[in-house]
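A.B. asks: Pasting a structure below so you can have a look.
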DNA sequence: AAGGTGACTAACA
DNA sequence: ATGTTAGCCACCT
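Residue numbers (my numbering): 354 to 468.
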């Protein structure tokens, strides 16, 4: 478990229920704005029993862009809707209204708080 | 150690 | 506005 992964998980846990964050956003919070791909990679190797809400992390356009066949996009969409997030299926892709549900990292101070 | 890969984005054509 | 190409950074082979 690398330190980078650990940071990603810590931030992902900050996402409140009913909101979502984009990969680029999280990458920016990690001081590596271009490492959006790594964020996805980190979430990919995330164990199932983890408390990290990986389903609240989506692409920058509000589309669930998952490639892991162990966790299909429909499952993620289902989890989000269970939290009150409206997920619209458009052309086989699950889309989320970012203007409504995008999480604003206004509580960055929480990151400094190491648990 | 070097090169390839990817749950991404932004820039071009 | 859609389709492709090219950066990007850390991980994997």
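Glycine included, C-beta positions come from ideal geometry on N, C-alpha and C.
Computed from a predicted structure; not experimentally measured.
Looking at residue 374: is its Cβ nearer than 8 Å to the Cβ of residue 380?
C.D. replies: Result no, Cβ atoms of residue 374 and residue 380 do not sit closer than 8 Å.
A.B. asks: Can you list, in chain order, the residues of its chain with a C-beta nearer than 6 Å to that of residue 432? Leave out the 5 residues immediately preceding and following it.
C.D. replies: Counting only Cβ-Cβ distances below 6 Å, and skipping sequence neighbours, we find 408.
A.B. asks: So within the region 398-452, which uninterrupted beta strand (DSSP E) runs reach at least 3 residues, ignoring any that extend past its ends?
C.D. replies: 440-443, 446-449, all fully within the region 398-452.
A.B. asks: If we ignore side chains and look at the alpha-carbon of each, how far apart do residue 421 and residue 363 end up?
C.D. replies: Those two C-alpha atoms are separated by around 22 Å.
A.B. asks: To the nearest angstrom, how far is the alpha carbon of residue 412 from that of residue 404?
C.D. replies: Cα-Cα distance, rounded: 21 Å.
A.B. asks: Going by C-alpha distance, which of 417, 371, 358, 426 is nearest residue 457?
C.D. replies: Of the listed residues, the one whose Cα sits closest to residue 457 is 371.
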